[in-house]
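Protein chains in written order, with the working numbering: chain L, 1 to 218; chain U, 219 to 509.
No residue lacks a Cβ here, since even glycine has one placed at the ideal position from N, Cα and C.
Note that the coordinates shown come from a computational prediction; the quantities given were computed from them, not determined experimentally.
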Ligand SMILES: [Zn+2]
């Protein structure tokens, strides 16, 4: 595992399947080999009366772990546990209940290209699998610090996506975080990358998709 | 013999292509009735004469072929003809491939041998007077090594000395280069014996890890370059200077992911960052951009 950048891919009048196929062909032409499939999913458990949410997420790259993020509106507390956590969440069901309508997942083919790992995910929501968009994950496995290899990954993404490649550092890495010293601006860009960082990036994008789909009803 | 067969096959190819040209011309003439007849006839005549020439050349090359005097001696491979098991019928192609591969290895090793004999890269210092030809090892290498490591002062680099075999002559240096990479340098006296380069999250603690390659292409490539550098800086008479220069060179990899190639100004070439560092200027370059 190394630094992973997650970026949405604009569809531009193509269907999701067409875009995935086009990108797959492009990757294969660049010399990539397909290495199976991947799946990242996210579920939300809400407290019955307090304003607390628990995001429970799985990443097929870490099949024995459950990533959960406790969100009380102000602070996010991540926790990495064994798979048995899923069963624990069922036990606390009356207090924390899952909202099946906003269960979301990203899945698709997984490619290896040199030291890069590229995953093309189609994002679908709820049980009737509404297609929401495409998320591209690029993992540069040898490097562990985003600040060291952001420009390198940016160049890689430009080579793969052309005009659609992101030009700015994803907000997840540049947002200032609360730190013990108020004079010191702290963000994740210089931190050593952890598996939970990938999951939290997925969570940000998943939440964006959820907001988009809720917007019309408000 | 082989050349003759090759030229015969080529002649057949030429004939086939000229004949298909004739057919193409007639076909297109049929489709475009506007084309006037005389130019079509001229073109056809022209192509037919090419066919004639090609045909004659085939005849002559075939005449030049000698009839094989007897059955080919293929050794045991001839028995493959009688193989009935469909799984094994592909063996012959594999056999030919491995034969070719072996031939190439032979050729390349011969070339490498001449190259190496021209460039002396002998790693041990021999004195002509010493009949037993023992390589020289300093009197108290452990102290020298410790002194050298303490005097090396490079930013974002930490060096630790281990002596896993308890002998003062061999030391393992574990180099941590910021949060980018790890390297192990095995010394004999002050002379570098082996260099292993790994990613920052790869194990390098047990002795066996020193002989396992990194799982990342970028660090395997750096290790190759480190082996070249080790030979480049090698000097039996100034061992300390040589090892010191090598470590300074290795420290220049701290920007492996963050500095583009000095020549092409890009980060990636063949999906690798600039894995080479110039021995003098320490500038980052892609392996392909060196010259
Ligand atoms: Zn270059």
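Residue i in three-state terms, based on DSSP
| i | result |
| --- | --- |
| residue 440/U | helix |
| residue 123/L | strand |
| residue 37/L | strand |
| residue 59/L | strand |
| residue 434/U | coil |
| residue 148/L | helix |
| residue 1/L | coil |
| residue 359/U | helix |
| residue 388/U | strand |
| residue 244/U | helix |
| residue 89/L | helix |
| residue 314/U | helix |
| residue 374/U | coil |
| residue 228/U | helix |
| residue 71/L | strand |
| residue 401/U | strand |
Spatially closest choice to residue i from the options, by CA coordinates
| i | options | result |
| --- | --- | --- |
| residue 1/L | 418/U, 466/U, 475/U | 418/U |
| residue 475/U | 310/U, 499/U, 397/U | 397/U |
| residue 144/L | 122/L, 116/L, 135/L, 166/L | 116/L |
| residue 198/L | 69/L, 159/L, 75/L, 163/L | 69/L |
| residue 166/L | 127/L, 150/L, 61/L | 150/L |
| residue 560/U | 410/U, 386/U, 378/U | The requested residue 560/U is not part of the displayed model; chain U covers only 219 to 509. |
| residue 66/L | 105/L, 153/L, 42/L | 42/L |
| residue 159/L | 148/L, 205/L, 170/L, 138/L | 138/L |
| residue 373/U | 469/U, 266/U, 246/U | 469/U |
| residue 463/U | 473/U, 472/U, 447/U | 447/U |
| residue 11/L | 133/L, 112/L, 114/L | 133/L |
| residue 375/U | 361/U, 383/U, 391/U, 386/U | 391/U |
| residue 409/U | 389/U, 395/U, 318/U, 425/U | 389/U |
| residue 498/U | 247/U, 440/U, 451/U | 451/U |
| residue 282/U | 440/U, 224/U, 298/U | 224/U |
| residue 263/U | 301/U, 241/U, 413/U, 277/U | 241/U |
| residue 490/U | 82/L, 27/L, 113/L, 174/L | 113/L |
Contact with chain L by residue i, beta-carbon distance below 8 Å
| i | result |
| --- | --- |
| residue 419/U | yes |
| residue 464/U | no |
| residue 497/U | no |
| residue 513/U | This structure does not reach residue 513/U, given that chain U is present from 219 up to 509, and the question cannot be answered. |
| residue 475/U | yes |
| residue 230/U | no |
Chain U contact for residue i (CB, 8 Å cutoff)
| i | result |
| --- | --- |
| residue 192/L | yes |
| residue 170/L | no |
| residue 141/L | yes |
| residue 45/L | no |
| residue 151/L | yes |
| residue 206/L | no |
| residue 173/L | no |
| residue 189/L | no |
| residue 148/L | yes |
| residue 21/L | no |
| residue 137/L | no |
| residue 85/L | no |
| residue 18/L | no |
| residue 155/L | yes |
Sequence-distant residues of the same chain with beta carbon closer than 7 Å to residue i, five excluded per side
| i | result |
| --- | --- |
| residue 427/U | 421 |
| residue 437/U | 399, 415, 416, 417 |
| residue 47/L | 95, 96 |
| residue 19/L | 9, 11, 134 |
| residue 61/L | 38 |
| residue 515/U | In the structure as shown, chain U begins at 219 and stops at 509. Residue 515/U is therefore absent and cannot be evaluated. |
| residue 411/U | 404, 405 |
| residue 204/L | 172 |
Contacting residues, own chain, Cβ-Cβ under 6 Å from residue i (five flanking each side not counted)
| i | result |
| --- | --- |
| residue 268/U | 236 |
| residue 504/U | 479, 487, 492 |
| residue 232/U | 272 |
| residue 147/L | 189, 190 |
| residue 482/U | 507 |
Residues near residue i by beta carbon distance below 8 Å, same chain, minus five either side
| i | result |
| --- | --- |
| residue 51/L | 72, 73 |
| residue 478/U | 484, 485, 492, 502 |
| residue 348/U | For residue 348/U, the pLDDT reaches just 48, beneath the cut-off of 50, and the residue's location in the model is therefore unreliable, although a value from the coordinates is still provided. Once the five neighbours on either side are set aside, residue 348/U has no close Cβ partner at all. |
Beta carbon proximity, residue i to chain C, threshold 8 Å
| i | result |
| --- | --- |
| residue 145/L | Checking the listed chains, one finds no chain C in this structure; the protein chains it contains are L and U. |
### Task
For the stretch 477-490 of chain U, enumerate the residues whose C-beta is nearer than 8 Å to any C-beta of chain L, in chain order.
478, 484, 485, 486, 488, 489, 490
#### Entry: Positions along the stretch 109-132 of chain L whose CB lies within less than 7 Å of some CB in chain U
113, 114, 115, 116
### Query
Listed from N- to C-terminal order along the chain, which residues in the stretch 421-440 of chain U have their beta-carbon within a distance smaller than 7 Å of any beta-carbon of chain L?
434, 435, 436, 437
### Query
Listed from N- to C-terminal order along the chain, which residues in the stretch 397-410 of chain U have their beta-carbon within a distance smaller than 9 Å of any beta-carbon of chain L?
397, 398, 399
### Task
Taking only beta carbons into account, state which residues of the stretch 25-58 of chain L come closer than 7 Å to chain U, listed in chain order.
none
### Query
In the stretch 57-80 of chain L, which residues sit with their C-beta less than 9 Å from some C-beta in chain U, listed in chain order?
none
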